[in-house]
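Data first, discussion second: the structure below is written as structure tokens.
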Amino acid sequence: MRASDRLTIGHLAERTGLSVSAIRYYETQGLVKPDRNSGGQRRFLRSDIRRLSFVLIAQQFGFTIDQICKLLQQLPDARTPNKKDWARMSNGFRKELDAKIETLSRLRDNLDGCIGCGCLSLQKCALYNPRDHARIYGAGPRYLMGNRPQIPKA
Ligand code: FES
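The sequence shown begins at 149 in our numbering and counts up by one.
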């Protein structure tokens with residue numbers, strides 16, 4: 149691979165929108181593995197842009213560095229990951245992503261209604277969560293977490 153195909157940490161930061169310090173941190177976590185040139189400076193593969201873009205978005209969805217690390221470990225180190233590699237990696241990721249999307253959709257659709265959190269502060273709570281019935285499912289906003297309100301039959 150030509151030296152010109154390698155990116156400096158500055159180029160990577162500029163293209164990904166990540167700070168140089170964040171990229172260095174991701175390196176310490178094993179999320180990217182740059183080479184060093186004869187002057188000891190880091191040189192990254194162009195495909196590291198995709199890796200770090202994935203890290204950026206996965207973190208925005210609330211995935212931990214540990215979870216992201218485990219996912220990226222499924223990609224080959226010795227060569228640029230191809231479509232098949234990413235597809236294989238995303239299979240394990242898809243289920244968790246679907247669960248997060250479902251929770252976010254419930255949040256979007258129910259934020260003006262009773263979320264079963266126990267506050268009983270909305271008029272709708274009397275109907276959807278009488279006497280905080282939702283607490284039987286456990287702590288937290290139960291209707292955002294997937295439990296359904298038990299609406300008494302008229
Ligand atoms: S919104 Fe909190 S209990 Fe209904």
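Every residue gets a Cβ at the ideal spot worked out from N, C-alpha and C, and that includes glycine.
- When the five nearest sequence neighbours on each side are left out, the beta carbons in the same chain lying within less than 6 angstroms of the beta carbon of V168 are those of I157, A161, in order along the chain.
- Distance from the C-beta of C217 to the nearest heavy atom of the ligand FES is not below 6 angstroms.
- Around the beta carbon of C267, fewer than 16 other beta carbons lie within 10 angstroms, which makes this residue exposed.
- Contact between the segment 290-297 and the segment 248-261 is present, with at least three C-beta pairs closer than 8 angstroms.
- Between the C-alpha atoms of L179 and Y285 there is a straight-line separation of about 38 angstroms.
- If you check the CB distance, T164 and L223 do not come in under 7 angstroms.
- A check of alpha carbon separations from L193 across D225, L270, Q271 identifies D225 as the nearest.
- With a cutoff of 7 angstroms on beta-carbon distance, R172 and P182 are scored as not near each other.
- If you look at R199, you'll find it in the alpha helix (DSSP H) that goes 196-208.
- A Cβ-Cβ separation of about 12 angstroms leaves C265 out of contact with K272 under the 8 angstroms criterion.
- In the DSSP assignment, R191 forms a beta bridge with D183.
- Rounded to whole angstroms, Y276 and A247 show a C-alpha spacing of 23 angstroms.
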